[in-house]
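Chains as they are written, first to last, in my numbering: chain A, -5 to 210; chain B, -5 to 210.
Number of protein chains: 2
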Amino acid sequence: MNKTAKSSKTGAIRTRNTRNILVAAEHEFVLYGYKGTSMQAIADRAQLPKANILYYFKSKEKLYIAVIEGILELWKAVFGEIKEEDDPAEELERFIRVKIDMSFKHPRASKLFAMEIILGAPHIENYIKTDMRSWLMEKCHVITRWIELGKMEPIDPMQLIFMLWSSTQHYADFDTQVLILMDRKSYKPTDKEQISRALSEIILRGCGLVPSHLKK
Amino acid sequence: MNKTAKSSKTGAIRTRNTRNILVAAEHEFVLYGYKGTSMQAIADRAQLPKANILYYFKSKEKLYIAVIEGILELWKAVFGEIKEEDDPAEELERFIRVKIDMSFKHPRASKLFAMEIILGAPHIENYIKTDMRSWLMEKCHVITRWIELGKMEPIDPMQLIFMLWSSTQHYADFDTQVLILMDRKSYKPTDKEQISRALSEIILRGCGLVPSHLKK
DNA sequence: GTCTATAATCAGATAGAC
DNA sequence: GTCTATCTGATTATAGAC
């Protein structure tokens, strides 16, 4: 009984500390890159002694991988399914909205993922080969069916999906550049809506579809 | 006379070494990031003693900045002008082709630039605020004029340009991911044409324009 | 101009007290 | 479980011989 009470309490501290460390690590890794981040800096941000970080995560690399895995979980939880019975315009528009939303809500996750890929995806090659690949293939298949059913113009499904990814992630990964060019300190709440709309308009019309705000 | 001959010869070695170092540095920085790259690794790749690198460039950071500046020069040399008398379809298509060409020819330049921006653009903030910003404003102005003249659909010029940038750079910055997903080791010569065409088709149609390969 | 040897610093990891 | 003190190795940069 005593033991149970003790360990559950300890577990709570453990959970809280682990979470703090992961958040702090994500911040630092995005600010300075993997090598440029010191365990000391993560410890300072998490307000814990450096040795504790290495107590919870055995090494810097294991901590980094844990951060990346958290991001993959977040990714997976968000992307819904599409079916050939669905309306392409609605689904593409929804996808753009969700991804822009992610870019605004979790810019650091997007950036860390981007850096990982730019540096050759050493830690997530397997994820790309399996989960991401099968997700993409499914989507390509549905889009191909939509085209066969005459629901949209015949375009390369894979390039379309790459375009959806890149044009939405741009607002997270390159926010520094985008904000300087827009002469802003940070995004405004209304930006999300305006950008989603602009992207939807170009991409949907590009597929021979009509975005909802232009219907009727 | 002697002195001139000597210095010109020395200058030649200097030029060659400088070039070698810059190329080697670009490779290493893209592979391992700024902090993850050691001067030793650059020296090894350039086949020079480590101290020589620091003789030519006074510090690691100065070398990094030199690499970045080389990339900016490359960028500037490529992007042409557009005028309101020009045909939007032709110009957008040309721009996409040129940028995809850059992505295939200089993927490392694109990646290094991307990493720099993701990490907060500490070394190129000024470039973005001045050169890049004025370039963007000019282009936005011409596109606005095109819209006023009824040459294309009314879309947000800035988001259009961001989309052109992001969707083309994606093939350089994320080549690792793209190639794994396409189940390839490297891009084929025909990919460039196919991708340019797919992007042009979606984006031009998205602007209410007709891509050249669909005309008539 | 070129290169060897070395100084000075800082990182990740660990041992061991509490 | 938590934290202080320390070890080990690597890195940038420099001093000085050639």
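Cβ coordinates follow ideal geometry from the N, Cα and C atoms, glycine included.
- By the CB criterion at 9 Å, THR170/A and GLU63/B fall outside the cutoff.
- Residues of chain B whose Cβ lies closer than 9 Å to the Cβ of GLY30/A are, in chain order, GLY27, TYR28, LYS29, GLY30 and LEU113.
- No Cβ of chain B is located within less than 9 Å of the beta carbon of VAL17/A.
- In terms of Cα proximity to ALA71/A, the closest of VAL92/A, SER53/A and TYR58/A is VAL92/A.
- Taken atom to atom, the span from the alpha-carbon of GLU87/A to that of ARG191/B is near 23 Å.
- In this structure, DSSP gives SER180/B a state outside helix and strand, which the three-state scheme calls coil.
- Across the structure, ILE15/A and ILE36/A are spaced so that their CA atoms are roughly 7 Å apart.
- Within the model, the alpha-carbon separation for LYS105/A versus ARG127/B is close to 23 Å.
- In this structure, ILE197/B and ILE196/A form a Cβ contact; the two beta carbons are roughly 7 Å apart against a cut-off of 8 Å.
- Closest in C-alpha terms to GLU142/A, from the list PHE89/A, LEU66/A and GLU78/A, comes GLU78/A.
- Contact annotation, ILE155/B with LYS133/B: C-beta distance approximately 6 Å; criterion of less than 8 Å satisfied.
- Look at ARG10/B: its C-beta is not under 9 Å from any C-beta on chain A.
- Taking 9 Å as the CB threshold, VAL72/A stays off the interface with chain B.
- The contact set of VAL172/B on chain A, defined by CB atoms closer than 8 Å, consists of PHE156 in chain order.
- Its chain contains ALA37 as the residues whose beta carbon lies nearer than 8 Å to that of PRO43/A, once the 5 sequence neighbours on both sides are disregarded; these appear in chain order.
- The Cβ atoms of ILE59/B and HIS21/B do not sit closer than 9 Å to each other.
- Taken atom to atom, the span from the alpha-carbon of VAL24/B to that of ALA115/A is near 12 Å.
- For ALA192/B, the C-beta contacts it makes with chain A under 7 Å involve ILE149, ASP150 and GLN153, in order along the chain.
- When only Cα atoms are considered, ALA166/B and ALA166/A end up about 18 Å apart.
- Taken in chain order, the complete alpha helix (DSSP H) segments of 4 or more residues contained in the region 47 to 108 of chain B are 54 to 72 and 82 to 99.
- Taking a C-beta cut-off of 8 Å against chain A, the contacting residues of the region 118 to 145 of chain B are GLU119, ILE122, LYS123, MET126, ARG127 and LEU130, listed in chain order.
- Counting other Cβ atoms within 10 Å of its Cβ, LEU113/B reaches 16 or more and is therefore classed as buried.
- Close partners of LEU175/A in chain B (Cβ separation under 8 Å): ILE122, MET126, ARG127, LEU130 and MET152.
- Listed along chain A, no residue sits closer than 8 Å to LYS56/B by beta-carbon distance, the nearest being about 17 Å off.
- At a cut-off of 9 Å between beta-carbon atoms, LEU48/B makes no contact with chain A.
- Within chain A, the residues GLU195, ILE196, ILE197, LEU198, ARG199, GLY200 and CYS201 have their CB atoms less than 9 Å from the CB of GLY200/B, given in chain order.
- Using a Cβ-Cβ cut-off of 9 Å, MET33/B does not count as an interface residue toward chain A, since no Cβ of chain A sits closer than that to its own.
- Per DSSP, the continuous alpha helix (DSSP H) segment holding ASP38/A begins and ends at 33 to 40.
- In summary, LEU208/A is exposed, with fewer than 16 beta-carbon neighbours lying within 10 Å of its beta-carbon over all protein chains present.
- Between PHE73/B and TRP129/B, the CB-CB gap stays under 9 Å.
- Between SER160/B and chain A, the shortest Cβ-Cβ separation is below 9 Å.
- With a 10 Å radius around the Cβ and a threshold of 16 neighbouring Cβ atoms, ALA6/A comes out exposed.
- Short of 6 Å from the beta carbon of PRO151/B, and not among the five residues preceding or following it, lie these beta carbons of its own chain, in chain order: CYS134, ILE137 and THR138.
- The beta carbons of ILE94/A and LEU203/A sit no closer together than 9 Å.
- DSSP places VAL172/B in the uninterrupted alpha helix (DSSP H) bounded by 169 to 175.
- For HIS135/A, the secondary structure class from DSSP, reduced to helix, strand or coil, is helix.
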